[in-house]
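Reviewing the structure listed below.
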Amino acid sequence: MKDRYKFLILLGIFLGAYFIPFENTNVQKAVLESFYMIQDYAQKHVLLCLVPAFFIAGAISVFVSQAAVVKYLGPAASKCLSYSVASVSGTVLAVCSCTVLPLFAGIYRMGAGVGPATAFLYSGPAINVLAIVLSAKVLGWKIGLARAIGAVAFAYIIGLLMAVTFRHEERANQTICMPPEDDPKRKLWQDTVYMASMIGILVFANWGKPMEAEGIWHGIYTAKWYITGLFGLIFGYTIVKWFGAKPIPTIATGVVVLLLALLFPQWPLLPFGAGIAGVAWVTKTSSDETKNWLDSTWMYALMIAPLLLGGVLVAGFLLGMPGTDNGIIPSRWIAAAVGGNGFFANLFASAAGAFMYFATLTEVPIVQGLLGSGMGQGPALSLLLAGPALSLPSMIVIRSILGTKKAIAFIGYVILLSTFAGMLFGWIAG
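In the numbering used here, each number is its position in the sequence shown, counted from 1, plus 26.
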């Protein structure tokens, strides 16, 4: 089966190279736009988002008990408990549709049921408190409230639909995915502090700049790197104290990061990148447990990163950078197709949003522009519910993790639920 997909990919590349009219000006713009998009993704998301997410996914595989994952998120777990844990976990992260993928792969491969795992997959990028608040301020309180209600409800509904759709596989997994509970090497609160420190680094390093230059959100944004540094100190302490990391390399990494932060405050990626390199060095030269963590992190990077970057390249060619009209599919076609609040307008908005790539918070100004171009209230909500949760790059990776059938079902449920939610909201708001 894998050889068949590889052949189809190679065939597609050959046919594209053979038939695409590269001499056409619009095609040249689209090709250039795809590389602009992958550059933008590399600059804004790889180091700050993906790399920390890979480390967290590797930590889940190595340090989190498989028995605990199955107990709380497995097929036999309480539905209320498992879906609540999955939704809350995703909400805390508040990451984009691509950053959540390594974390989703980690818990799914550790034995989480397809329902709770996909609830987590949807809730991570969709239930972003700052994005919902921004939607209410910029697009109106009605859309903000509808987005909040829809995103929380969808996490549960999509998870339950996936569990019901694939219930026969879940029952089979229920009998084979119950590993014995080994004696833990650390106390639960120690593992919690360790995981929370990495999640804190991921969340606050990617804290977006709010539109208003005042208030609590702007205050957090102003202090984001100080907060990230505090979580970094906690992380450094935990890996030395509880995970067998060598103190000298860990301290040396901290000193280098601090010096770079003080010398080059205008370039925060420099100390952040040094910290990532230092963590890789520390884990590689310390205990067997930390070496396994690095190996697991590398496995997720090799599994996900090539598919993700390839998907970004294709998305850039087809649709262009958000807010531009340089993709092979003109954005004016999309704007023209989402007027009114009918079924097809909402379906098109959901599908278009699902295939487009939105960095965190960028969906709000894009929808604002589309509303100014005649987009209906219903399609606006449909796009906000489907867009942040999915993208063409994430779809490619989801298929590699879940398989074709489950990936199609998940994508289909997101698009259809967003469509009907948009229709209902358009009817109420109109």
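All residues carry an ideal CB built from backbone N, CA and C; glycine is no exception. What you are looking at is a predicted structure, and each value in this text was computed from that prediction instead of being measured.
Cβ of residue i within 8 Å of Cβ of residue j?
i, j, result
"A363", "S408", "no"
"V393", "A157", "no"
"L296", "L285", "no"
"S313", "F261", "no"
"T276", "V266", "yes"
"P414", "P101", "no"
"P142", "G185", "yes"
"V126", "L147", "yes"
"I225", "I82", "yes"
"P236", "L160", "yes"
"Y220", "T254", "no"
"A179", "S149", "no"
"G132", "I86", "yes"
"F33", "Y326", "no"
"F343", "V57", "yes"
"W268", "R212", "yes"
Using the rule of at least 16 other Cβ atoms within 10 Å of the residue's Cβ for burial, across every protein chain shown, is residue i buried or exposed?
i, result
"I39", "exposed"
"Y439", "buried"
"H194", "exposed"
"S104", "exposed"
"K432", "buried"
"G301", "buried"
"C106", "exposed"
"V281", "exposed"
"F290", "exposed"
"W233", "buried"
"Y44", "exposed"
"T144", "buried"
"N154", "buried"
"V111", "buried"
"F61", "exposed"
Got a sec? Which residues, its chain only, sit under 7 Å from residue i by beta carbon, not counting five neighbours each side?
i, result
"T191", "A435"
"A239", "none"
"I360", "A378"
"G402", "V364, G365, G366, N367, A371, G452"
"A174", "I158"
"A189", "G139, V140, G141, E196"
"H244", "P236, E238"
"M204", "Summary for M204: the model assigns pLDDT 49, below 50, so the residue's position carries little reliability, and this model does not support an answer."
Who are the Cβ neighbours of residue i in its own chain at under 6 Å, not counting the five residues just before and after it?
i, result
"G380", "In the sequence as presented, Gly is not what sits at residue 380; that position holds Ala. Cβ within range, chain order: A412, L416, I441."
"N352", "K55, E59, G346"
"A375", "V364, P405, S408, L409"
"A249", "none"
"F230", "K250, I253, T254"
"A162", "G170"
"F257", "S223, G226, I227"
"Y67", "V338"
Just to check my reading of the structure: residue i and residue j have Cβ atoms closer than 8 Å, yes? What is that Cβ distance to the nearest angstrom?
i, j, result
"I183", "L443", "6 Å"
"P78", "I227", "6 Å"
"M347", "M136", "That belief does not hold up - the Cβ atoms of M347 and M136 are roughly 36 Å apart, past 8 Å."
"A306", "L320", "6 Å"
"G84", "T323", "3 Å"
"A271", "T218", "With a Cβ gap of about 18 Å, A271 and T218 do not count as contacting."
"Y98", "S91", "Not confirmed; about 10 Å, so no contact."
"G304", "V283", "7 Å"
"E315", "V114", "With a Cβ gap of about 28 Å, E315 and V114 do not count as contacting."
Residues in the same chain with beta-carbon distance under 8 Å from residue i, minus the five sequence neighbours each way, listed in chain order, please.
i, result
"G299", "L73"
"V53", "I46, P47, I354"
"L334", "L76, C124, L127, P419, S420, I422, V423"
"F369", "T445, M449"
"M382", "A341, L345, P348, G413, S417, L418"
"K317", "T309, K310"
Within the region 291–350, note down every full alpha helix (DSSP H) run reaching 4 residues or more, in order along the chain.
295–310, 314–345
Tell me the start and end of each unbroken alpha helix (DSSP H) in the region 397–424 that is at least 4 residues and wholly inside, in chain order.
403–412
Going along the chain, which unbroken runs of the alpha helix (DSSP H) with 4 or more residues stay wholly within the region 121–203?
126–135, 140–152, 155–165, 167–191, 193–202
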